[in-house]
Amino acid sequence: MSCRLPGATGPDQLWELLRAGVDATSETPAERYDAAALRSTGGPAASRGGFVEGVADFDAEFFGMSAAEATALDPQQRLLLMCAWESLEDAGIVPEHLRGTRTGVFVGNSRADFLETALQQGLPSATATQLGNVRSLLAARLSHVLDLRGPSAVVDTACSSALTAVHQAVRSLRSGEVPVALVAGVNLPLRPDEGVMMSHAGALSPDGRSRFGSSDADGHAPADAVAVIVLKPLEAALADGDRVRAVIAGSAVGNDGGSSSSVLNPSLEGQLDVLRWAYEDARIAPSEVDFVEAHGAGSPLLDPLELTALGRCMGTFRSSQRPLLVGSVKSNLGHAEAASGLVGLMKAALCLERRQVPASLHAELPRPDVDWEGLSIPQEITDIPERAVAGVSAQGSSSLNAHVVLRSAEPARRDADDGTRWPLVLSARTPEALAELTRACAEHLAGPGAAFPVRDLCRSAALRRTRFEHRAVVIGATHQELIEALRTGSTPELDRFLGAESVDRDGLFGPGVHAPLPTYPWRTRRYWPGDEPVDGDDPAEWLLGKHARTGFDQDSTLADIGIDSLAKLQLMVEVQQRTGREIDPEELAALRTVRDLCRWARELTEVSR
1 MSCRLPGATG PDQLWELLRA GVDATSETPA ERYDAAALRS TGGPAASRGG
51 FVEGVADFDA EFFGMSAAEA TALDPQQRLL LMCAWESLED AGIVPEHLRG
101 TRTGVFVGNS RADFLETALQ QGLPSATATQ LGNVRSLLAA RLSHVLDLRG
151 PSAVVDTACS SALTAVHQAV RSLRSGEVPV ALVAGVNLPL RPDEGVMMSH
201 AGALSPDGRS RFGSSDADGH APADAVAVIV LKPLEAALAD GDRVRAVIAG
251 SAVGNDGGSS SSVLNPSLEG QLDVLRWAYE DARIAPSEVD FVEAHGAGSP
301 LLDPLELTAL GRCMGTFRSS QRPLLVGSVK SNLGHAEAAS GLVGLMKAAL
351 CLERRQVPAS LHAELPRPDV DWEGLSIPQE ITDIPERAVA GVSAQGSSSL
401 NAHVVLRSAE PARRDADDGT RWPLVLSART PEALAELTRA CAEHLAGPGA
451 AFPVRDLCRS AALRRTRFEH RAVVIGATHQ ELIEALRTGS TPELDRFLGA
501 ESVDRDGLFG PGVHAPLPTY PWRTRRYWPG DEPVDGDDPA EWLLGKHART
551 GFDQDSTLAD IGIDSLAKLQ LMVEVQQRTG REIDPEELAA LRTVRDLCRW
601 ARELTEVSR
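The opening position of the sequence shown corresponds to residue 1 in the working numbering, with each subsequent residue numbered one higher.
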């Protein structure tokens, strides 16, 4: 799994944040919108929320995009691409090995703020470029970039979208339709419109704090989130030696139907139905559940119904020493809306791995309208059994409830090191990225990587990572030897040996289990409309600077450097706006090479003068 969350750029950082009891919400960044000014004119009730840093940052070169393509692309798609790559690395699956397979992509999302902002600037902004930002492209672009041929769909059931996407992916895996599934939850609220609407509905907390289960709960704070998990049938994952962080035992979704007073109001009956179906699907008795990551929005209306449903389904037949622990990651990060269910699932998986449940924040005053017998919201780190069961809930304003049942994964069996010296192979797209990866690996081996055998770490680096053109190889029998070698420099002879196509890398390392390593060190820069530098008078210079990928000469074809027919349409609009001259689309379409573009641009400049 991988994520970009408020205060956390990965699962390990998320766990440290949760353990430390951090409230990662903050004031709305000025680059989003002026929350204070809006509030004085009937805007959002709160100026706080959970915000991801660097939403405009992207490694365009890694994904073969020009600066113009990256700038025009919804940041939801950009961050999703990087997180998807990281999640596959975390699982120990080489992305290239999935190319052409029936791997599925399921994305929970309900926003297109970047597109809507562009369209609201007027009809001149409704260019063909914006077709690449329609919501269906969230899943489709990921499938295209990784060449995944299975189902590729965006799921929108409001705040239960991502957990519903998990449910659909599980069904697709069980039926044999797909061998692997990437499931994502994506939510970047870049506009205040929905916040205003939610404020009028009384759903936002005035001070931006989610107080799930507390008598002073008064709503939630909105939050950014991009989260991705990789799902695979357990038997296949174990056979392939993949990293298994948790096991989905069952899931269920269901609508309240006519059991609620209105389509927007929650139903106790509907929630009980879905909980019962989920545990029937998992073949696990509800009384065996140790922890539930609740929807937990901090709503005076939703909270008591959800806690009552959990108490009736899972809180009975328990001793006072073993209550059902119930928590909400929204108290730390805010409410990630369509992505929130997947954020909750990540937290639950981390709890099962670490055998602990962190405290839920802002819940010091238990609601008097809830029967707490058999239920407890932990106020401190609480241990759970080595073999534990967790539930994850999500509820949408669409009246769609979802619940996923997780259980602990069996610990992977690992053989101790025997003094054999193993090669650690690292590679990256650029020398700068390789240097950063080398430094990160040295830190990893001295930290969390020390818990894994050297052989498994080296095997994973050699066999379970994409091999890029810039490489470094060191050799050692212990973690410390590898650390010292990484800091000293690589071994060129070994690098050439392992680079040979005839080398049997599987035979060199033998069978083994994936050990986690640092994920790819992105070389990001900021891409945002309006941030482009002012260029000189030469149209060819600024057109190529914005739209062309690196590494081309005068004879390079425009298509090969990223200027395809869609990009040419964008060029036409830009040239017309910049020069004030009408451009003949057929004239632009006829250009084939960089030389043609430069000649055309010179002629254009002479005519304009």
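Yeah, the Cβ is synthetic: ideal placement off N, Cα and C, and Gly gets one too. As the structure is a computational prediction, the values presented were derived from the model and not from experiment.
Which value, in whole angstroms, describes the spacing of the CA atoms of residue i and residue j?
i: residue 534; j: residue 227; result: Low per-residue confidence applies at residue 534: pLDDT is 45, beneath 50, and the placement is therefore not dependable, though the value from the model is reported in the following sentence. Their Cα atoms are separated by approximately 35 angstroms.
i: residue 470; j: residue 522; result: 14 angstroms
i: residue 333; j: residue 292; result: 17 angstroms
i: residue 112; j: residue 133; result: 8 angstroms
i: residue 370; j: residue 296; result: 14 angstroms
i: residue 249; j: residue 234; result: 10 angstroms
i: residue 595; j: residue 544; result: 11 angstroms
i: residue 64; j: residue 223; result: 30 angstroms
i: residue 79; j: residue 392; result: 24 angstroms
i: residue 241; j: residue 84; result: 20 angstroms
i: residue 35; j: residue 49; result: 11 angstroms
i: residue 364; j: residue 256; result: 31 angstroms
i: residue 353; j: residue 141; result: 32 angstroms
i: residue 136; j: residue 153; result: 7 angstroms
i: residue 213; j: residue 203; result: 15 angstroms
i: residue 277; j: residue 129; result: 44 angstroms
i: residue 536; j: residue 429; result: Below a pLDDT of 50, predicted positions are generally treated as unreliable, and residue 536, at 48, falls in that range; the measurement from the model is reported next regardless. Going by the C-alpha atoms only, they are around 31 angstroms apart.
i: residue 417; j: residue 359; result: 37 angstroms
i: residue 394; j: residue 303; result: 12 angstroms
i: residue 117; j: residue 562; result: 25 angstroms
Does residue i pass the burial test, meaning 16 or more other C-beta atoms within 10 Å, or should it be called exposed?
i: residue 374; result: buried
i: residue 264; result: exposed
i: residue 610; result: Since the first and last residues shown for the chain are 1 and 609, residue 610 lies out of range.
i: residue 317; result: exposed
i: residue 236; result: exposed
i: residue 565; result: exposed
i: residue 200; result: exposed
i: residue 480; result: exposed
i: residue 120; result: exposed
i: residue 126; result: exposed
i: residue 554; result: exposed
i: residue 337; result: buried
i: residue 239; result: exposed
i: residue 168; result: buried
i: residue 502; result: In this predicted model, residue 502 has a pLDDT of only 48, less than 50, meaning its place in the structure is not dependable enough to derive any value.
i: residue 328; result: buried
Within its chain, find whatever has a CB closer than 6 angstroms to the CB of residue i; leave out the 5 residues flanking it on each side and keep chain order.
i: residue 165; result: 106, 108, 155, 183
i: residue 229; result: 1, 183
For residue i, which residues of its own chain have a beta-carbon under 7 angstroms away from its beta-carbon, when the five flanking residues on both sides are left out?
i: residue 600; result: 591
i: residue 583; result: 572, 575, 576
i: residue 17; result: 7, 8, 24, 332
i: residue 612; result: The chain is shown from 1 up to 609; residue 612 falls before or after that span and cannot be answered.
i: residue 361; result: 21, 23, 331, 332
Should residue i and residue j be called a contact, given that it needs their Cβ atoms to be closer than 8 angstroms?
i: residue 22; j: residue 7; result: yes
i: residue 623; j: residue 441; result: There is simply no residue 623 to check, as the chain begins at 1 and stops at 609 in what is shown.
i: residue 423; j: residue 458; result: yes
i: residue 195; j: residue 225; result: no
i: residue 51; j: residue 524; result: no
i: residue 271; j: residue 324; result: no
i: residue 518; j: residue 406; result: no
i: residue 193; j: residue 206; result: no
i: residue 403; j: residue 68; result: no
i: residue 388; j: residue 355; result: yes
i: residue 310; j: residue 266; result: no
i: residue 14; j: residue 231; result: no
Would the beta-carbon of residue i be found less than 7 angstroms away from any heavy atom of the ligand FAD?
i: residue 29; result: For the ligand FAD, the structure offers nothing, since it holds no ligand at all.
To which residues does DSSP link residue i through a beta bridge?
i: residue 324; result: 375
i: residue 293; result: 327, 392
i: residue 229; result: 183
i: residue 426; result: 472
i: residue 160; result: For residue 160, which the question treats as bridged, DSSP gives no partner whatsoever.
i: residue 563; result: Bridge partners of residue 563: none, in fact.
i: residue 403; result: 252, 393
i: residue 104; result: 181
i: residue 27; result: 48
Residues in the same chain with beta-carbon distance under 8 angstroms from residue i, minus the five sequence neighbours each way, listed in chain order, please.
i: residue 452; result: 414, 515, 516
i: residue 114; result: 74, 75, 76, 133, 188, 190
i: residue 308; result: 268, 370, 371
i: residue 12; result: 448
i: residue 208; result: 25, 46, 47, 48, 49, 221, 334
i: residue 244; result: 234, 237, 238, 409, 410, 412
i: residue 158; result: 110, 337, 338, 396, 397, 398, 400
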